[in-house]
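Below: the structure, in C-alpha cells.
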Amino acid sequence: MIKKQEARGRRQEARSKTLHPASSILHPPSSILHPASSILPPAPFIVCDDLVKVYKTGEIETVALAGLDLEVQQGEVLAIIGPSGSGKSTLLNILGGLDQPTAGQVTVGEVDLLGLTPDGLMRYRRDVVGFVWQQNARNLLPYLTAFQNVQLPMQLRGVGPRERAARAHDLLEAVGVAERLAHRPGELSGGEQQRVAIAIALANGPGLLLADEPTGSVDSQTAGTIVDLFRSLAHQYGVTVVIVTHDASIAQHVDRTVAIYDGRTSFERVRRTAGNVVVGHDEYVIVDKTGRLQLPPELVERVGITRRARVHVAEDHLEIWPEAMNNGTMNNGTMNNGTMNNGTMNNEQ
Ligand code: ADP
Numbered sequence: 152m153i154k155k156q157e158a159r160g161r162r163q164e165a166r167s168k169t170l171h172p173a174s175s176i177l178h179p180p181s182s183i184l185h186p187a188s189s190i191l192p193p194a195p196f197i198v199c200d201d202l203v204k205v206y207k208t209g210e211i212e213t214v215a216l217a218g219l220d221l222e223v224q225q226g227e228v229l230a231i232i233g234p235s236g237s238g239k240s241t242l243l244n245i246l247g248g249l250d251q252p253t254a255g256q257v258t259v260g261e262v263d264l265l266g267l268t269p270d271g272l273m274r275y276r277r278d279v280v281g282f283v284w285q286q287n288a289r290n291l292l293p294y295l296t297a298f299q300n301v302q303l304p305m306q307l308r309g310v311g312p313r314e315r316a317a318r319a320h321d322l323l324e325a326v327g328v329a330e331r332l333a334h335r336p337g338e339l340s341g342g343e344q345q346r347v348a349i350a351i352a353l354a355n356g357p358g359l360l361l362a363d364e365p366t367g368s369v370d371s372q373t374a375g376t377i378v379d380l381f382r383s384l385a386h387q388y389g390v391t392v393v394i395v396t397h398d399a400s401i402a403q404h405v406d407r408t409v410a411i412y413d414g415r416t417s418f419e420r421v422r423r424t425a426g427n428v429v430v431g432h433d434e435y436v437i438v439d440k441t442g443r444l445q446l447p448p449e450l451v452e453r454v455g456i457t458r459r460a461r462v463h464v465a466e467d468h469l470e471i472w473p474e475a476m477n478n479g480t481m482n483n484g485t486m487n488n489g490t491m492n493n494g495t496m497n498n499e500q
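Under the working numbering, the first residue of the sequence shown is numbered 152, with each subsequent residue one higher.
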C-alpha cells in the first residue's frame, strides 16, 4: 500500500514538472500527458480517487458513488459494467464534465475536474471530451447528411470549411462509412448511425471518448464490430475510450473491463494478448485503500459464501473459502455439533 502511494506520489511529481499548464486542456490529445522519464510508469490519463456522489431529492439522499477508485491509461479502451443503479452513468457524467462529485478527486489528463469554473467545464466538454450516446437522436441531427453532421462540431468551434470537410471525410473513412456520407440518418442502418456518431464524437480531436451503451440498439455481432472499431480508433488517434454498458460480452473486445457494484469498483477483467492475438483474460478483484475487497456476486453465490468467508494464508497468496463445511469445519458461519451454523452456537445432539 505504501509502495503504491509512493509510486503515485512519484508519478504526480513527475507530472507536475512535465505537464503543460491548465490552459493546454484545450489542445488535442497528442499534447496530453507524456511522462518525463521512461523509468517511471506512465501516469494514468484518468484518475478517480475516492469519488463520492450523493444525490439529494428532498429529504432523500442516494449514494450513487461510494468512494470509487479508478485509473485509466492513455489510449486504453475500458468498459464499465455493472447492474442498473450501480453508478455507471453517474461516473460517466462526472468524467464528461456534465456533473460534479460530492467529494473525492478526479483528473483527466492534467485537468482537475473539481477545480474548473463553469466556463472551464464548458470548454472541457467541448474540447477534451467526445460523447457517443445510446439514442442516435442525441448524436445525429436528422435533417443533415452524415458528412454535414460530422462537420457541425468543427463548425461550432470555428474550423474553416476546407479543413473541416477534409477531416469529416477522413473520419467517415476511419469509421467505415465514407460511401454513405451523403445519406441522412434515416437512410442509414443502426450500426451505420453509430459509426457516424463515433466520427462526430472525434470531430474536435478529443483526448477522451465516452460512450453510454453505444451498442444498446444493435445486434450482438454489430456490437462486437463497433467495439473493435473503438479499439482501432483509440490506437489510431491516441484517444482514451470509456464505454458504459450492461453487456458483459463487450469484455471480449476491450482492453479492460471494470465492474461497479454499489458505487465502487469491484473487479477487473484484463485482455491478455500475444502480439495481436487475444490469448485470454486475467481477472482481478480490486482491493481498496483500507484493504477491503468486493467479490463479484455471481462468484460469491457459486462457491456458497454467505455472511463471512474463511481466509487461508498461504506463503505467497490468500485463499478465500466458504464457511460451509462439516466435521469440525464450518457451515454457513454456524456451529452445528461442534461446528457453527448461521453465526450461532447450536449444542443440540
Ligand atoms: P447506472 O447507470 O449504473 O444504472 P446511475 O449512475 O444512473 O446507475 O444511478 C446510481 C444511483 O443514483 C441510482 O440509485 C439512481 O437512482 C441514483 N441517481 C442517479 N441520478 C440521479 C439523480 N439525478 N437524482 C437522484 N438520484 C439519482
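From the three backbone atoms N, C-alpha and C, an ideal C-beta is built for every residue, glycine too. Remember, it's a predicted structure, so these values are computed and weren't measured experimentally.
Shortest alpha-carbon distance to residue i belongs to which of the options?
| i | options | result |
| --- | --- | --- |
| TYR275 | THR296, ASP250, PHE418 | ASP250 |
| ILE394 | ALA317, SER240, GLU466 | SER240 |
| THR424 | GLN403, SER368, LEU444, THR441 | GLN403 |
| LEU332 | ALA352, SER340, VAL347, GLY342 | VAL347 |
| THR396 | GLN387, ALA374, PRO269 | ALA374 |
| VAL409 | VAL326, GLY233, GLU212, VAL203 | GLY233 |
| ASN355 | HIS463, LEU303, LEU265, VAL369 | LEU303 |
| VAL390 | VAL430, GLY327, LEU361 | LEU361 |
| VAL462 | ARG453, PRO473, ARG335 | PRO473 |
| VAL223 | GLU210, PHE196, ASN244, VAL257 | PHE196 |
| VAL203 | THR296, GLY255, GLY209 | GLY255 |
| GLY414 | ALA194, TYR206, VAL214 | VAL214 |
| GLU227 | GLU434, VAL421, VAL436 | VAL421 |
| SER383 | ILE211, ASP363, LEU353 | LEU353 |
Suppose you measure from the CA of residue i to the CA of residue j; what does that come to, to the nearest Å?
| i | j | result |
| --- | --- | --- |
| PRO357 | ARG315 | 15 Å |
| TYR294 | PHE381 | 26 Å |
| PRO447 | PHE418 | 7 Å |
| ASP200 | LEU469 | 26 Å |
| THR457 | GLN445 | 13 Å |
| PRO312 | GLN306 | 8 Å |
| ALA288 | GLY337 | 10 Å |
| THR366 | ILE377 | 7 Å |
| ASP321 | HIS334 | 16 Å |
| GLU330 | ASP467 | 57 Å |
| VAL280 | VAL405 | 19 Å |
| ILE245 | THR253 | 10 Å |
| ILE345 | VAL283 | Looking at the sequence shown, residue 345 is not Ile but Gln. Each residue's alpha carbon lies about 8 Å from the other. |
| ALA460 | ILE471 | 6 Å |
| SER237 | ALA399 | 15 Å |
How far does the alpha helix (DSSP H) with residue i in it extend, from its first residue to its last?
| i | result |
| --- | --- |
| THR396 | It is not in any alpha helix (DSSP H) - THR396 carries neither H nor E in the DSSP assignment. |
| TYR294 | Note, TYR294: premise wrong, no alpha helix (DSSP H); not H, not E. |
| ALA217 | Per DSSP, ALA217 belongs to no alpha helix (DSSP H); it is in the beta strand (DSSP E), 211 to 223. |
| GLY375 | 371 to 388 |
| HIS94 | Any question about residue 94 goes unanswered here, given that the chain covers just 152 to 500. |
Starting from residue i, trace the beta strand (DSSP E) both ways and give me its first and last residue.
| i | result |
| --- | --- |
| LEU249 | Where LEU249 is concerned, there is no enclosing beta strand (DSSP E), given that its DSSP letter is neither H nor E. |
| LEU359 | 359 to 363 |
| GLU470 | 469 to 473 |
Taking 7 Å as the cut-off, is the CB of residue i close to at least one heavy atom of the ligand ADP?
| i | result |
| --- | --- |
| LYS239 | yes |
| SER235 | yes |
| THR98 | Only positions 152 to 500 of the chain appear in the structure, and residue 98 is not among them; the question remains open. |
| TYR206 | yes |
| THR213 | yes |
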